[in-house]
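Only one structure is covered here, and it is reproduced in the block below.
In our numbering, the protein residues as written are 4 to 310.
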């Protein structure tokens, strides 16, 4: 699940300087300003790929570094760029990014798809169902449904701990869930980051304090922490999504072999959970090492994708 990007300001500045020196007019503005202007989709180099990752969404990070390792073992050059969701969708649509493996459709990223979907194609549906939710620790006994939150606002300090402000999860929580359950007067949805939300969650659990957070499945936290998803009897979060890989329109025609591999790519909850936990164990900066280790433990599965 819009989880802050580290933008390539240096690359943009150099690109604009080069433009001035060569007297070529270009537009150095808009949402795609954060996308590195190097080799991307539609530039004719089928072995060079740019994959976007949105920081904080662990299933996307896991899938991205898994495929980076798989592809580099097969002669590809893969550049992983950390972007926010808006820049990612715009970058893919404008062929500045070749692949994004963590599109949640049809609901979570609906607004981006409505705006840019005509320039995009789905190359893989690799995990389903995927849902957005509100989650509490299992020791919070009297709250089992979102409907229960209203009567227990004081226990939670009137706060729902959220993630990045522009995420689909935050939009749905603010615009759909809180009004549906009458929570707008009793709770504040706090904006933070995915990592800050998880830190707050782990800290509260360590002290056995009540906390309610915005979260999503699949996520490694459900395997590692004592958590329960609050029931959503009104369906305010909508139907579960599918986690899909998206690419610029025409990607499959330009990369038929890779498109075939991606079409075969599927993970179960247990498989994805083991990959995410391995990345967590190895820590930041060692994602590809963790992916390589996971591939070694799941050779038959990975080989089945590459037929």
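For glycine and all other residues, C-beta sits at the position ideal for the given N, C-alpha and C. Predicted model only: the values in this text are computed from it and were never measured.
Terminal residues of the continuous beta strand (DSSP E) containing residue i?
| i | result |
| --- | --- |
| residue 138 | 123-140 |
| residue 248 | 244-251 |
| residue 269 | That residue, residue 269, is in no beta strand (DSSP E); it is neither H nor E in DSSP. |
| residue 54 | 51-56 |
| residue 309 | Run containing residue 309: none; DSSP gives neither H nor E here. |
| residue 143 | Premise fails: residue 143 is in no beta strand (DSSP E) and is neither H nor E. |
| residue 164 | 162-164 |
| residue 218 | 216-220 |
| residue 231 | 230-232 |
| residue 192 | 191-193 |
Rounded to whole angstroms, how far is the Cβ of residue i from the Cβ of residue j, which I believe are closer than 8 Å?
| i | j | result |
| --- | --- | --- |
| residue 166 | residue 59 | 7 Å |
| residue 297 | residue 275 | So it is not a contact: roughly 10 Å between Cβ atoms. |
| residue 72 | residue 256 | Contact flag wrong, Cβ pair sits at about 25 Å. |
| residue 134 | residue 240 | 7 Å |
| residue 234 | residue 139 | Going by Cβ atoms, the distance from residue 234 to residue 139 rounds to 11 Å, so no, they are not a contact pair. |
| residue 83 | residue 249 | Contact flag wrong, Cβ pair sits at about 16 Å. |
| residue 251 | residue 98 | 5 Å |
| residue 268 | residue 127 | 5 Å |
Under the rule that 16 or more other beta-carbon atoms within 10 Å means buried, what is residue i, buried or exposed?
| i | result |
| --- | --- |
| residue 157 | exposed |
| residue 205 | exposed |
| residue 303 | exposed |
| residue 309 | exposed |
| residue 90 | buried |
| residue 136 | buried |
| residue 53 | buried |
| residue 307 | exposed |
| residue 141 | exposed |
| residue 182 | exposed |
| residue 271 | exposed |
| residue 27 | Residue placement at residue 27 cannot be trusted, given a pLDDT of 36 that sits under 50; the coordinates are not used to answer. |
| residue 220 | buried |
| residue 171 | buried |
| residue 290 | buried |
| residue 273 | exposed |
| residue 197 | buried |
| residue 76 | exposed |
| residue 62 | buried |
| residue 178 | exposed |
| residue 8 | Annotation note: pLDDT 39 at residue 8 (below 50); position unreliable, no value reported. |
| residue 131 | exposed |
| residue 300 | exposed |
| residue 85 | buried |
| residue 279 | buried |
I'd like the span of the alpha helix (DSSP H) that includes residue i, first residue to last.
| i | result |
| --- | --- |
| residue 257 | 254-257 |
| residue 297 | 290-300 |
| residue 210 | 197-210 |
| residue 226 | 224-227 |
| residue 174 | 171-175 |
* Asked: Mind pulling the beta strand (DSSP E) runs of 3 or more residues that sit fully within the region 71-118?
  -> 80-85, 102-108
* Could you tell me whether the region 185-202 touches the region 148-158, where touching means 3 or more Cβ pairs closer than 8 Å? => yes
* Spell out a yes or no on whether the region 88-107 and the region 140-151 are touching, meaning 3 or more CB-CB pairs, one atom from each, closer than 8 Å. => no
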